[in-house]
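See structure below.
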Amino acid sequence: MKIALVTDAWSPQVNGVVRALQATVQELQRLGYEVRVLHSGAGATIPCPSYPEIPLATQPFALVRQTFQEYRPDAIHIATEGPLGLAARLWCAGHQWQFTTSFHTRFAEYLAARSPVPLAWSYAFLRRFHNGAAHTMVSNVALADELRGWGFRNLVQWSRGVDSDLFRPWPDQDPAALLPGKRPAFVYFGRVAIEKNVEDFLRLELPGSKHIIGDGPQAAELREQYPDVHWHGMQHGEELSRHVAAADVMVFPSRTDTLGLVIREANACGVPVAAYPVTGPQASIVDGINGFLRDDLREAAILALDLRRDDCRNAALQYSWDKCTADFLRHLVPVQGT
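The sequence shown begins at 1 in the UniProt record's numbering and counts up by one.
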């Protein structure tokens, strides 16, 4: 089978969507499937307004036409609602080709946080975009229920795995060498942006020390406002895993993530997670086992200190990319129908 994956989010961007798509492509190729990724880097781009680190294709229709005519895919999956995703959707509709989509990001909420655009307007666009698909893949049941409330149809579940060989405990390392400062060490890792609500973590009165691993458009501002916080910048691969594993608790303050892949990555390192009781964290955290969900984020962080690291690791091991990719394959549809 020849699969075309259309996405406006791809390397060198660093986020959960890109990591999930890259892991899925790698697993598909391991299984013997031919995959063509159509991303913005294939042509000229401009920076996304308010997200300058995200490049957007300036000629998406030309890229889609060239790719689909040359590659002639057996199945098409549209992963994002940006220029490339929209161009691919319009091509499929115009040629009466079937396709699938996935819902990764709460762009409606992110847009509302930065502009006066009402949620209802954004969700009307997203609903129209996704309801043309044979299936729209979502990461968890709670998110599917939310989207049904907005009028989305044909929702199916495609969970997210974790690379448990990369994200793992490092028992022989010195945690203090990676995360210096008083113990316990509370860490946030991921994108530092307003929608991630990182400042809720930074405001908490916690014992020990606070650490930020990552970068983003809000990093410089928050670094200046919170000089006592340890800032470690962007880390990748084994270095990221080692830094995360050196933490006592990972604090996940986002209220808008549809999943929060970093929760599972922290758990795979043996690190418990403190989060709000909202859709994303609820898909991964079993209260009192691998983390705590509380409206009082400080309470959750303190309680998480007493959790067993082996239980956290075991909770993450159930999320393998081979199982998740099997779900993805099951939901694909042939472009010409059956």
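Note that beta-carbon positions come from the ideal geometry of N, C-alpha and C, so glycine has one too. Computed from a predicted model, the values in this text were never measured in an experiment.
Give me, in chain order, the residues of the same chain whose beta-carbon lies closer than 8 Å to that of residue i; leave out the 5 immediate sequence neighbours on both sides.
i           : result
residue 338 : Summary for residue 338: the model assigns pLDDT 47, below 50, so the residue's position carries little reliability; its value from the coordinates is reported in the next sentence. Excluding residues within five positions, none has a Cβ falling inside 8 Å.
Could you give the distance in angstroms between the alpha-carbon of residue i and the alpha-carbon of residue j?
i           : j           : result
residue 209 : residue 202 : 10 Å
residue 149 : residue 171 : 46 Å
residue 318 : residue 121 : 38 Å
residue 130 : residue 180 : 46 Å
residue 15  : residue 113 : 19 Å
residue 91  : residue 115 : 30 Å
residue 21  : residue 4   : 12 Å
residue 67  : residue 153 : 28 Å
residue 233 : residue 59  : 34 Å
residue 175 : residue 243 : 8 Å
Answer with buried or exposed for residue i, where buried requires no fewer than 16 other C-beta atoms within 10 angstroms of its C-beta.
i           : result
residue 101 : buried
residue 272 : buried
residue 49  : exposed
residue 282 : buried
residue 89  : buried
residue 257 : buried
residue 93  : exposed
residue 31  : exposed
residue 141 : exposed
residue 340 : What the structure shows of the chain is the stretch from 1 to 338, and residue 340 is not part of that stretch, so it cannot be assessed.
residue 52  : exposed
If you drop the 5 nearest sequence neighbours on each side, which residues of the same chain put their C-beta closer than 6 Å to that of residue i?
i           : result
residue 17  : 9 and 104
residue 321 : 23, 27 and 161
residue 42  : 63
residue 151 : 127
Inspect the beta-carbon positions of residue i and residue j and report whether they are closer than 7 Å.
i           : j           : result
residue 361 : residue 251 : Only positions 1 to 338 of the chain appear in the structure, and residue 361 is not among them; the question remains open.
residue 300 : residue 274 : yes
residue 194 : residue 157 : no
residue 228 : residue 192 : no
residue 169 : residue 85  : no
Can you find the residues in the same chain that come closer than 7 Å, C-beta to C-beta, to residue i, ignoring five residues on each side of it along the sequence?
i           : result
residue 315 : 267, 286, 289 and 290
residue 106 : 256 and 258
residue 199 : 222
residue 33  : 1 and 3
residue 205 : 298
*Below 8 Å, can you find three or more Cβ-Cβ pairs linking the region 248-262 to the region 224-240?*
no
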